[in-house]
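In terms of our numbering, the sequence shown has 109 at position 99, counting the first letter as 1, and numbering is strictly consecutive. Positions of the beta carbon are idealized from the N, C-alpha and C atoms, including for glycine.
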Amino acid sequence: MLDVIALGSRYGRIPALAGVDLRVGRGELVALVGANGAGKTTLLRTISGVQPASSGSIRFDGQDLARRSARQRVQLGIVQVPEGRQVFGPLSVEDNLLLGAFARGSSAGLEPVLALFPALQNKRRQPAGTLSGGQQQMLAIGRALMAEPRLLLLDEPSMGLAPRLVAEIFAQIAALKMRGTTILLVDQNARAALAIADRGYVLETGRVVLSGAATDLLRNPQVQQAYLGM
Ligand code: ATP
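This is the structure in structure tokens:
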């Protein structure tokens with residue numbers, strides 16, 4: 011579904027990505043792991059079109075995205091859940107969700123999305139800014155689901171959450187995959203991300219240094235030492 015070929019991206023003269031090749035097949039959950047500053051967020055932002063590519067190409071369903079704006083990419087079904095959730099604090103939970111559907115002109119109903127996140131059900135009229143971090147993350151994911159994504163880009167969904175909530179968020183992401191959503195997941199928690207992923211990529215200073223089946227990466231001594239604290 012997604013084919014990233016020799017992708018480069020830079021901030022002024024500073025390269026953030028160089029020669030990145032990455033694929034995500036329909037229905038797959040692919041994890042992208044790497045240290046702080048490796049370029050994970052930049053890669054997601056370049057795929058969603060918020061950050062320009064400086065070289066290489068990105069194809070979605072065989073279609074070159076080079077001339078597609080971020081907005082057009084949303085309309086094609088590429089939907090990103092940004093790092094730090096970025097919910098609209100003063101707006102209600104319900105309005106945050108409705109904005110997700112508005113971006114793609116989707117007619118997704120609130121009820122199926124709220125059913126996935128029962129913690130949000132009785133808070134639907136509450137300002138999003140009053141929710142806990144875990145609930146805001148669920149809302150950020152729910153808002154993206156309202157756009158009926160074909161490819162969901164998740165940036166650091168477990169960031170700053172208590173261990174119990176981290177487990178809950180990863181279980182929910184695994185459940186989304188089981189329902190057929192195609193997902194590219196970035197998370198500092200490499201063990202948890204690879205545990206639910208089909209395949210993974212390891213990014214170091216803007217380059218892919220390893221890739222393979224998630225089970226193989228979890229057993230790889232290099233990955234264990236650098237990212238799994240073993
Ligand atoms: P983190 O987990 O800390 O978010 P990351 O792997 O997502 O890290 P990026 O945020 O993509 O990494 O950053 C990749 C590189 O680009 C880093 O060297 C970073 O300092 C640099 N960078 C990121 N955003 C900017 C920016 N707006 N301006 C200049 N340099 C940037």
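Are the CB atoms of residue j and residue i within a distance shorter than 8 Å?
i             : j              : result
proline 137   : proline 92     : no
serine 58     : leucine 163    : yes
valine 9      : methionine 169 : No answer is possible for residue 9: it lies beyond the span of the chain, which begins at 11 and ends at 240.
serine 102    : arginine 153   : no
alanine 203   : leucine 195    : yes
leucine 120   : leucine 109    : no
arginine 160  : valine 30      : no
threonine 213 : alanine 48     : Inspection of the sequence shows that residue 213 is occupied by leucine rather than by threonine. In contact: leucine 213 and alanine 48 (Cβ atoms closer than 8 Å).
leucine 220   : leucine 228    : no
glycine 144   : leucine 186    : no
glutamine 146 : valine 89      : no
valine 60     : tyrosine 237   : no
Grouping DSSP H, G and I as helix and E and B as strand, with all else coil, what is residue i?
i            : result
arginine 23  : coil
valine 97    : coil
leucine 107  : helix
arginine 217 : strand
alanine 205  : helix
glycine 144  : helix
valine 60    : coil
alanine 157  : coil
arginine 69  : strand
glutamine 82 : helix
arginine 174 : helix
leucine 130  : helix
glycine 210  : strand
proline 167  : coil
arginine 33  : strand
glycine 115  : coil
leucine 186  : helix
Count the other CB atoms within 10 Å of the CB of residue i; is the residue buried (16 or more) or exposed (fewer)?
i              : result
aspartate 165  : buried
proline 231    : exposed
isoleucine 193 : buried
serine 117     : exposed
threonine 140  : exposed
glutamine 73   : exposed
aspartate 71   : exposed
tyrosine 211   : buried
Among the options, whose alpha-carbon lies nearest the alpha-carbon of residue i?
i             : options                           : result
glutamine 182 : Pro159, Ile206 and Ser79          : Ile206
isoleucine 24 : Asn199, Leu42, Thr52 and Val218   : Thr52
threonine 56  : Ala125, Ala111 and Val14          : Val14
proline 128   : Phe112, Gly115, Leu213 and Leu149 : Leu149
glutamate 38  : Gln145, Arg189 and Arg95          : Arg189
serine 67     : Gln147, Leu32 and Ala45           : Leu32
leucine 12    : Gly35, Glu158 and Asn46           : Gly35
arginine 83   : Met240, Glu158, Gly94 and Ala28   : Glu158
glutamate 104 : Leu130, Asp197, Gly44 and Thr191  : Leu130
proline 167   : Gly87, Lys133 and Gly94           : Gly94
threonine 191 : Lys133, Val40, Asn46 and Asn199   : Val40
alanine 113   : Arg20, Gly87, Ala26 and Leu54     : Gly87
leucine 17    : Asn46, Ala45 and Lys50            : Lys50
asparagine 46 : Met240, Gly222, Asn199 and Gln235 : Asn199
glycine 115   : Gln234, Gln85 and Asn132          : Gln85
alanine 28    : Ile151, Thr215, Met240 and Gly222 : Thr215
Report, in whole angstroms, the separation of the C-beta atoms of residue i and residue j, which I expect to be a contact under 8 Å.
i           : j            : result
alanine 224 : arginine 209 : 6 Å
leucine 75  : arginine 81  : About 12 Å; that fails the 8 Å criterion.
Verify the contact flag: residue i, CB atom, against every heavy atom of the ligand FMN, threshold strictly below 7 Å.
i          : result
alanine 26 : With respect to the ligand FMN, the structure shown offers nothing to examine, as its ligands consist of the ligand ATP.
Any C-beta of chain D sitting closer than 8 Å to the C-beta of residue i?
i         : result
valine 91 : The question asks about chain D, but that chain is absent: this structure has only one protein chain.
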